[in-house]
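Engineer: Using this note's numbering, the letters of the sequence shown map in sequence onto residues 3 to 148.
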Amino acid sequence: MGAVILLSALPAAALESFARSSLTVETAGGGKYRFDIELAETPAQQAQGLMFREKMAADAGMLFTYDRPQPASFWMKNTLIPLDMIFIGADGRIVNIHANAVPQSLDAVNSAGPVKGILEINGGMSARLGIRPGDRVVHAAFGTAK
3 MGAVILLSAL
13 PAAALESFAR
23 SSLTVETAGG
33 GKYRFDIELA
43 ETPAQQAQGL
53 MFREKMAADA
63 GMLFTYDRPQ
73 PASFWMKNTL
83 IPLDMIFIGA
93 DGRIVNIHAN
103 AVPQSLDAVN
113 SAGPVKGILE
123 INGGMSARLG
133 IRPGDRVVHA
143 AFGTAK
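#1: Considering just the uninterrupted stretch of the beta strand (DSSP E) at residue 71, what are its terminal residues?
#2: Mind checking whether residue 119 and residue 76 have CB atoms under 9 angstroms apart?
#3: DSSP has residue 119 in a bridge; who is on the other side?
#4: Skipping 5 residues on each side, what residues in its chain have a beta carbon closer than 7 angstroms to that of residue 43?
#5: Pick out whichever of 86, 58 and 22 has its Cα sitting closest to the Cα of residue 47.
#6: Taking DSSP's pairing of strands, which residues face residue 103 in a bridge?
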């Protein structure tokens, strides 16, 4: 039994830490929604993402960024909460949204084209706030910060 507890604790011991920032999503309808985010910038941080989290504040999220726009593919392995994955182009415009990604799913969730970033927020939040493709993400990663 002690070995099981030790093995269960291993992932937590190896967890990455993340820098924090904030971003705003501006909707076509005039809404402005601020999120306090963690930044997944390194390969190790991006591999971990929101794995093993049991909850996330309503105004929280994680932003994954790339140096150059590229196709992106995510999965939900070891992710315990449903997420909306918002795929963002180099200009800060939302390319596509995958709503309510299923926890623990190994199915690929893909961008609809090259993206420079992906914002993960609580599942269903995009629909509740009226966030849609074409809306604008304001953050330094996209050159849209004010």
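Note that beta-carbon positions come from the ideal geometry of N, C-alpha and C, so glycine has one too.
Structural biologist: On the basis of the supplied data:
#1: The residue labelled residue 71 in the question sits at position 69 within the sequence shown. From DSSP, the beta strand (DSSP E) with residue 71 extends over 62-72.
#2: For the purposes of this step, residue 119 is taken as the residue at position 117 of the sequence shown. For the purposes of this step, residue 76 is taken as the residue at position 74 of the sequence shown. No. Outside cutoff.
#3: The residue you call residue 119 lines up with position 117 of the sequence shown. Paired residues: 67 and 90.
#4: Start at 1 with the first residue of the sequence shown, and residue 43 comes out as number 41. Residues 67 of the same chain have their beta carbon placed closer than 7 angstroms to that of residue 43, with the five preceding and five following residues left out of the count.
#5: For this step, residue 47 is matched to residue 45 along the sequence shown. Per the C-alpha coordinates, the member of 86, 58 and 22 positioned closest to residue 47 is 22.
#6: The residue you call residue 103 lines up with position 101 of the sequence shown. Its beta-bridge partners are 85.
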